[in-house]
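Asks:
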Amino acid sequence: MDIILRAEGISKTYISGQVKVSALKKCDVEIEKGEFTAIVGKSGSGKSTLLRILGTIDKPDEGKVYIADKEIENLKSAELAKFRRTQIGFVYQDYSLIPEYTAYENIILPLVLDGKDADVDEVMELMESLRIEYCRDKFPEQMSGGEQQRVAIARALIAHPAVIFADEPTGNLDAASAETVAKMLSFAASKYKQTIVMVTHDRQMAEYADRILTIVDGTVTGGVGI
Ligand SMILES: Nc1ncnc2c1ncn2[C@@H]1O[C@H](COP(=O)(O)OP(=O)(O)OP(=O)(O)O)[C@@H](O)[C@H]1O
Ligand SMILES: [Mg+2]
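Just so you know, we're using this note's numbering here: the sequence shown kicks off at 5 and counts up by one.
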């Protein structure tokens, strides 16, 4: 087995005022290269926290994260920034598009940051497959939630990163668009050996995954192979 992503004993506690929330409690996760994993669980169970830590966007209080056998904690900040830019695509639950940039400019951002030229035809093809080509010159505030969500998905896919983390990528989409996204992610894993880790509430979306991890109250309980 070629393990691309490994988290050991991950714990995370949030403190706001007097209140402490144990969002994650000693979680262990292993993900194989090219695998499409879905993470499911109730609202507040710790899914986004786990995804952010696996995606190196947030740090655990305890535990270690390894990506392709590199321990994240040991990377210097410049190395980590380059690693994130080139190896990781992240679809945030709130999309996190840049308001001053058009849809097109948001999508090509990972390439621009890495000093690469965008292939206009490839970007337009990706936008067409997500049915957002008509949003090309629109700014985020001029787009619907579902359109912004698909722009965020295109931005995560454009640079063909080794690992794509997607937090509820279909939360705002109609059934047909959600199916398109699920198929695109599944195709990225099977055809291009990209590794996909997706949080979802939607049982039907989870069916597209190779494996479902369930998280209950901050603990990863089950890795069901389907
Ligand atoms: N920045 C924060 N400060 C304080 N508490 C937080 C913070 N972020 C998350 N939490 C708490 O940690 C727990 C886990 O949150 P998380 O966002 O990981 O849940 P989730 O499973 O993604 O939920 P949802 O399905 O609603 O997106 C929740 O109880 C939440 O209230
Ligand atoms: Mg969440």
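By construction, the Cβ of each residue, glycine as well, lies at the ideal position given by its N, Cα and C atoms.
For ligand 2, any of its heavy atoms closer than 7 Å to the Cβ of S81?
Replies: Within the sequence shown, the letter at position 77 stands for residue 81. Because no heavy atom of ligand 2 lies under 7 Å away, the Cβ of S81 does not count as near it: no.
Asks: For A27 and Y99, I'd like the C-alpha separation in whole angstroms.
Replies: For the purposes of this step, residue 27 is taken as the residue at position 23 of the sequence shown. For the purposes of this step, residue 99 is taken as the residue at position 95 of the sequence shown. Distance between the alpha carbons of A27 and Y99: 22 Å.
Asks: Name all residues in chain order for which at least one heavy atom of ligand 2 lies closer than 7 Å to the residue's CB.
Replies: Chain-ordered list of matching residues: K51, S52, Q97, D171, E172, V203.
Asks: Under a Cβ-count criterion, where at least 16 other Cβ atoms within 10 Å of its own Cβ denotes burial, should M5 be classed as buried or exposed?
Replies: Start at 1 with the first residue of the sequence shown, and residue 5 comes out as number 1. So M5 counts as exposed.
Asks: Here's the rule I'm using: 16 or more other beta-carbon atoms within 10 Å means buried, otherwise exposed. How should K46 be labelled?
Replies: The count along the sequence shown starts at 1 and reaches residue 46 at position 42. K46 is exposed by the Cβ-count criterion.
Asks: CB-CB under 7 Å to E77, same chain, minus the five flanking residues each way: which ones, in chain order?
Replies: Locating residue 77 in the sequence shown gives position 73, where the first residue counts as 1. Once the five neighbours on either side are set aside, the close Cβ partners of E77 are K68.
Asks: Bridge partners for E75 per DSSP, in chain order?
Replies: To locate residue 75, count along the sequence shown from 1; it is residue 71. DSSP lists Y70 as partners of E75.
Asks: Leaving out five residues on either side along the sequence, give the residues of the same chain with a beta carbon under 7 Å from the beta carbon of L130.
Replies: To locate residue 130, count along the sequence shown from 1; it is residue 126. Closer than 7 Å at Cβ, skipping near neighbours: A158, L161, I162.
Asks: With DSSP run on the structure shown, which of helix, strand or coil describes R135?
Replies: On the sequence shown, residue 135 is found 131 positions in, with the first residue counted as 1. Looking at R135 - three-state DSSP - the assignment turns out to be coil, as it is neither helix nor strand.
Asks: Ignore the nearest five residues each way along the sequence and tell me which others in D141's own chain have a CB closer than 8 Å to its CB.
Replies: In the sequence shown, the residue the question calls residue 141 occupies position 137. The residues are T106, A107, Y108.
Asks: Any idea what DSSP makes of Y18, helix, strand or coil?
Replies: Your numbering for residue 18 matches position 14 in the sequence shown. Three-state result, Y18: strand.
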